[in-house]
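Visitor:
There are 2 protein chains.
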Amino acid sequence: MSEALNDLQRHAAALDSADAFAKHRDLFALDDADTVYLDGNSLGALPRHVPDRIADVVTRQWGELRIRSWDESGWWTAPERIGDRIAPLVGAAAGQVVVGDSTSVNVFKAVVGAARLSPESRDEILVDASTFPTDGYIAESAARMTGRRVVPVAPGDLRAALGPRTAVALVNHVDYRTGRRHDLPGLTAAAHEAGALAVWDLCHSAGALPVGLDAHDVDFAVGCTYKYLNGGPGSPAYLYVAERHQAAFDSPLPGWNSHSDPFGMTPGYAPADGAARGRVGTPDILSMLALEAALDVWDGVGVEDVREKSLALTDFFLECVDTYVPAGRVTSVTPAAHEERGSQVSLRCEDGADAGAVMRELIARGVVGDFRRPDVLRFGFTPLYVGFCDAERAARVLGEVLAGS
Amino acid sequence: MSEALNDLQRHAAALDSADAFAKHRDLFALDDADTVYLDGNSLGALPRHVPDRIADVVTRQWGELRIRSWDESGWWTAPERIGDRIAPLVGAAAGQVVVGDSTSVNVFKAVVGAARLSPESRDEILVDASTFPTDGYIAESAARMTGRRVVPVAPGDLRAALGPRTAVALVNHVDYRTGRRHDLPGLTAAAHEAGALAVWDLCHSAGALPVGLDAHDVDFAVGCTYKYLNGGPGSPAYLYVAERHQAAFDSPLPGWNSHSDPFGMTPGYAPADGAARGRVGTPDILSMLALEAALDVWDGVGVEDVREKSLALTDFFLECVDTYVPAGRVTSVTPAAHEERGSQVSLRCEDGADAGAVMRELIARGVVGDFRRPDVLRFGFTPLYVGFCDAERAARVLGEVLAGS
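Residue numbers (my numbering), protein chains in the order written: chain A, 1163 to 1567; chain B, 1163 to 1567.
1) Sort A:Lys1271, A:Val1403 and A:His1186 by Cα distance to isoleucine 1300 of chain B and report the nearest one.
2) At what residues does the alpha helix (DSSP H) containing alanine 1304 of chain A begin and finish?
3) Do you know offhand how far arginine 1245 of chain B's Cα is from glutamine 1408 of chain B's?
4) Name, in chain order, the residues that DSSP records as bridge partners for histidine 1421 of chain A.
5) Whose Cβ in chain A lies nearer than 7 Å to the Cβ of methionine 1569 of chain B?
6) DSSP on methionine 1163 of chain A, reduced to helix/strand/coil?
7) Identify the residues that DSSP records as bridge partners of tryptophan 1362 of chain B: which are they?
8) Answer yes if the stretch 1342-1352 of chain B comes into contact with the stretch 1512-1527 of chain B, meaning at least three C-beta pairs across the two stretches below 8 Å, and no otherwise.
9) Is methionine 1163 of chain A close to chain B, meaning its C-beta is less than 8 Å from at least one C-beta of that chain?
10) Can you tell me the Cα-Cα spacing of alanine 1111 of chain A and serine 1420 of chain B, whole angstroms?
11) Go to serine 1472 of chain B, then tell me how far its alpha helix (DSSP H) extends in each direction, as first and last residue.
12) Could you tell me which uninterrupted alpha helix (DSSP H) segments, each at least 4 residues in length, are contained entirely in the stretch 1514-1539 of chain B, listed from first to last along the chain?
13) Compare the Cα-Cα distances from glycine 1462 of chain B to each of B:Glu1242, B:Gln1223, B:Val1220 and B:Arg1247 and report the closest residue.
14) Under the criterion of a Cβ to heavy atom distance below 7 Å, does valine 1520 of chain B qualify as lining the ligand FMN?
15) Using a beta-carbon distance below 8 Å, is methionine 1427 of chain B in contact with chain A?
16) Hey, how far is the Cα of alanine 1331 of chain B from the Cα of tyrosine 1402 of chain B?
17) If the cut-off is 8 Å on Cβ atoms, which residues from the stretch 1388-1406 of chain B count as contacting chain A, listed in chain order?
18) So proline 1213 of chain B contacts chain A; which residues on that side make the cut at Cβ distance below 8 Å?
19) What does a CB cutoff of less than 6 Å around glycine 1393 of chain A pick up in its chain, not counting 5 residues either side in sequence?
20) Along chain B, in chain order, which residues have C-beta atoms closer than 8 Å to that of arginine 1228 of chain A?
21) Starting from glutamate 1286 of chain B, follow the beta strand (DSSP E) in both directions and report where the run begins and ends.
22) Under 8 Å, Cβ to Cβ, is there at least one residue of chain B near serine 1508 of chain A?
23) If the cut-off is 7 Å on Cβ atoms, which residues from the stretch 1436-1452 of chain B count as contacting chain A, listed in chain order?
24) What does the alpha-carbon distance come out to for the pair glutamine 1223 of chain B and aspartate 1196 of chain A?
25) Compare the beta carbon distance of proline 1445 of chain B and alanine 1240 of chain B with 8 Å and say whether it is the shorter of the two.
26) Let me know if histidine 1500 of chain A comes out buried or exposed under the rule of 16 or more other beta-carbons within 10 Å of its beta-carbon.
27) Give the DSSP-derived three-state secondary structure of proline 1314 of chain B in the structure shown.
28) Do glycine 1153 of chain B and histidine 1366 of chain B have their C-beta atoms closer together than 8 Å?
29) Are proline 1581 of chain A and glutamate 1466 of chain A close, meaning C-beta to C-beta below 8 Å?
30) Is serine 1422 of chain B buried or exposed, if buried means 16 or more other CB atoms sit within 10 Å of its CB?
31) Could you name the residues that DSSP lists as bridge partners for glycine 1542 of chain A?
32) Would the stretch 1202-1210 of chain A count as touching the stretch 1472-1489 of chain A if we require 3 or more Cβ pairs under 8 Å?
33) When you compare each of A:Asn1334, A:Gly1374, A:Ala1329 and A:Gly1341 to histidine 1354 of chain A by their alpha carbons, which one comes out closest?
34) Going by C-alpha distance, which of A:Val1289, A:Gly1374, A:Arg1439 and A:Gly1549 is nearest alanine 1249 of chain A?
35) Return the residue from the list B:Ile1229, B:Ile1216 and B:Ser1204 that minimises the CA-CA distance to serine 1231 of chain A.
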């Protein structure tokens, strides 16, 4: 095994040398050389320039300009402005993405908004049964509050489940647990053929692979910004409402920030045009402007190139796992086929191994992934700052842990 | 007038000398001696120690500990922990306040939650007709989504409007525009007598005067944290659900953070007990921990003492306005009676004066208040950092502006 190890390590070094994103790693605070950070699919690493930007927001914009910053520092327009920064990363033209609130709150806006665009006879909201739970819980509430019912469907069965009763299909682009990428163009087209609308959750895809919201005629989408977009812990989420739906979008959370004349402070609600209709209350400026700063690392980066590196990284990691991990100890639940894979690898522990304990030991040895009950080890590969030597080391240490050495 | 001026200035200096909170001003970044900041009822000033605390959150907690901070830096429990810091300021025992989301989103949770605790025959949601608009817009959505209708009522008529059809009364404790304080104990008791529930919006009272949520049996309350609580721009709001309602509280936004076992990630929703049931999605940690730091300025401060200074300040400001402002140019729309006054003074411009232009000129001369259409000048008095000399100067400059000098 030592020869294979050397081969893999040499190969990893060669891949890192040829990596066009190798220089990008320096943009991030990743100075702990003893750590391989493979949890960027849960919390992205800190871009190095963000602390200074936040210090300016706190000390000068809030501390000195105070209330004037709503205009002079561009606070008021931040939700749409930052939405337009995210838009190209998810394949959306400007004016369709607005930042604010949590992903859960945006799922509520999107599912209710989509349901309200459907005739009442369409009384079903299809939700992928393996979804991140919050989507299902919130869809249940949205269904209850719009006179619909949720129908949980395995993603593979979604096409067959679409029909004349379907109002909305809510699907995760990439499954948080398995890393499986679902067929966004195909399922969106199938939903439309059935007369339904498609709402996509991009939490585990935006920033890691092309999404193509406009190109594939997606109706609504939501996503978080603290994973592959590195916006910081709990940074605000975003809502995409396709331009063709904006004029009819009827938000269930019509806060004053979404009013056409918010400072008119009139008792009657009149919704703003465009992306601003998805706003609700006063935006959380510190978290939002940290996100805005963090997005600078995307300047000049093409998502197609990110995807190419992501697939190379996860391919290589799977190869290393095959080599280093004793046979039968783990099974990848992430699809081998590229078109079905996101930017993470999830390994199920076999033989009754305690996956939680395995992950704790990995972390103790400097390989940071995470654990999803009952038996899944998740390793996220953020192409902007994870390298091939990281992947090799992670697999090697996993092999050592599982071999009990 | 020059003798009166000297009297007022001497009086102001004497009041500042005797002010127990004078030392508190040093806790805030208010070094611009040429500015009187009377807009803390819109955006509270920056507590001096907050930038260092935020730098630690960004650089060490996010940048170095990364994902570990969810446990090790107490991120996960922040919403309830910070709720318990706010609780004593609004007269609530621990375990009933949770921080997160915007005020608008919390109004939605509270009004829907309260409506769902009422029989369907109670089909009216009373909303004070002079409310901050977002409360009315959101109440309208909550009513629509729970099969109720909104009945706008002038706050003075609320008692008479309560009846067997009332499910919920949503009232602002202090009116954002006029600074009028409504009778929280009396209206809450009247709502209960009518068999209805009371939801209070504390945006313009929390941190400026005693609220007494528990003492007055309030059912639900919401509030922002960026005004008198100085939490920073768009810092997260809070939700109070009285302990007696928590077990039956049925949130319209049942995100995974409110699940009894959030990391079980089960498809079925089972709500957490206690304040956590009011959570939704992943909390915006940077904004939230800025708020937590900002709350340190309340250590050892009694809200009753704050109220006493607030009334003395607004009394004195009104006296100075009487003296300095030419007769007939402004009328106070803030009640003279202490029990009906919040912590701001709102002056209506008479004689067709352009209040927006007046405020711009005030700001140019270093007196920062704000303007609410069509004709109101608002001056907020934050007792922790506004002094009597500030009040005197603000009134004097207002007099100069209105005299055209």
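C-beta atoms are modelled at their ideal positions from N, C-alpha and C, and glycine is treated no differently. Computed from a predicted model, the values in this text were never measured in an experiment.
Guide: In short:
1) Within the second sequence, the letter at position 138 stands for residue 1300 of chain B. Closest option to isoleucine 1300 of chain B, Cα to Cα, is A:Lys1271.
2) Counting from one through the first sequence, the residue named residue 1304 of chain A turns up at place 142. Counting along the chain, the alpha helix (DSSP H) containing alanine 1304 of chain A begins and ends at 1295-1307.
3) Reading the second sequence from its first residue, position 83 is the one you call residue 1245 of chain B. Reading the second sequence from its first residue, position 246 is the one you call residue 1408 of chain B. At residue 1245 of chain B the sequence reads glycine, which differs from the arginine that was named. Rounded to whole angstroms, glycine 1245 of chain B to glutamine 1408 of chain B spans 15 Å at the Cα level.
4) Here residue 1421 of chain A refers to the residue found at position 259 of the first sequence. DSSP lists A:Pro1433 as partners of histidine 1421 of chain A.
5) Here chain B covers residues 1163 to 1567 and nothing more, so residue 1569 of chain B does not appear.
6) Along the first sequence, read from residue 1 onward, the residue named residue 1163 of chain A stands at position 1. In this predicted model, methionine 1163 of chain A has a pLDDT of only 47, less than 50, meaning its place in the structure is not dependable; the value taken from the coordinates is given anyway. Coil, per DSSP.
7) Locating residue 1362 of chain B in the second sequence gives position 200, where the first residue counts as 1. Looking at the DSSP assignment, tryptophan 1362 of chain B forms a beta bridge with B:Val1333 and B:Ala1383.
8) no
9) Looking up residue 1163 of chain A in the first sequence gives position 1. With a pLDDT of only 47 at methionine 1163 of chain A, under 50, the local geometry of the prediction cannot be trusted, and the value read off the model is given with reservation. No, methionine 1163 of chain A lies away from the interface with chain B (no Cβ there is under 8 Å from its Cβ).
10) Nothing about residue 1111 of chain A can be reported from this structure: the residues present for chain A run from 1163 to 1567 only.
11) Numbered from 1 along the second sequence, position 310 holds the residue referred to as residue 1472 of chain B. Taken as a continuous stretch (DSSP letters only), the alpha helix (DSSP H) holding serine 1472 of chain B covers 1465-1486.
12) 1517-1526
13) Within the second sequence, residue 1462 of chain B is the residue found at index 300, counting from 1. It is B:Arg1247 whose Cα lies nearest to the Cα of glycine 1462 of chain B.
14) Among the components modelled here there is no ligand, and therefore nothing to report on the ligand FMN.
15) On the second sequence, residue 1427 of chain B is found 265 positions in, with the first residue counted as 1. Cβ-Cβ to chain A under 8 Å: yes for methionine 1427 of chain B.
16) If you number the second sequence from 1, residue 1331 of chain B lands on position 169. If you number the second sequence from 1, residue 1402 of chain B lands on position 240. Computed Cα separation, rounded: 15 Å.
17) Tyr1388, Gly1394, Pro1395, Gly1396, Ser1397, Pro1398 and Ala1399
18) As a working note, residue 1213 of chain B is residue 51 in the second sequence. Chain A residues near proline 1213 of chain B: Ala1217, Val1220, Thr1221 and Gly1225.
19) Here residue 1393 of chain A refers to the residue found at position 231 of the first sequence. So the list reads Thr1387, Leu1453 and Ala1456, once near-sequence residues are dropped.
20) Within the first sequence, numbered from 1, the residue matching residue 1228 of chain A stands at position 66. Within chain B, the residues near arginine 1228 of chain A are Tyr1199, Asp1201, Leu1205, Ala1207, Leu1208 and Val1530.
21) In the second sequence, the residue the question calls residue 1286 of chain B occupies position 124. That run of the beta strand (DSSP E) goes 1286-1290.
22) For this step, residue 1508 of chain A is matched to residue 346 along the first sequence. Closer than 8 Å: no.
23) Val1442, Gly1443, Thr1444, Pro1445, Asp1446, Ile1447, Leu1448, Ser1449 and Ala1452
24) As a working mapping, residue 1223 of chain B is identified with position 61 in the second sequence. As a working mapping, residue 1196 of chain A is identified with position 34 in the first sequence. Roughly 18 Å separates the two Cα atoms.
25) By one-based count along the second sequence, residue 1445 of chain B stands at place 283. By one-based count along the second sequence, residue 1240 of chain B stands at place 78. Taking 8 Å as the Cβ cut-off, proline 1445 of chain B and alanine 1240 of chain B qualify as a contacting pair.
26) Here residue 1500 of chain A corresponds to residue number 338 of the first sequence, with the count starting at 1. Classification of histidine 1500 of chain A: exposed, given that the 10 Å Cβ count is below 16.
27) Counting from 1 along the second sequence, the entry for residue 1314 of chain B is found at position 152. The answer is strand: DSSP assigns proline 1314 of chain B an E or B state.
28) Absent from the structure is residue 1153 of chain B, since the part of chain B shown begins at 1163 and ends at 1567.
29) Residue 1581 of chain A lies beyond the range of chain A shown here (1163 to 1567); nothing can be said about it.
30) In the second sequence, counting from the first residue as 1, residue 1422 of chain B sits at position 260. By the 10 Å Cβ count, serine 1422 of chain B comes out exposed.
31) The sequence position of residue 1542 of chain A within the first sequence is 380, counting from 1. Paired residue(s): A:Gln1506.
32) no
33) Locating residue 1354 of chain A in the first sequence gives position 192, where the first residue counts as 1. Of the listed residues, the one whose Cα sits closest to histidine 1354 of chain A is A:Ala1329.
34) Your numbering for residue 1249 of chain A matches position 87 in the first sequence. Checking every option, the nearest Cα to that of alanine 1249 of chain A belongs to A:Gly1374.
35) Residue 1231 of chain A sits at position 69 when you count from the first residue of the first sequence. Among B:Ile1229, B:Ile1216 and B:Ser1204, the Cα nearest to that of serine 1231 of chain A is on B:Ser1204.
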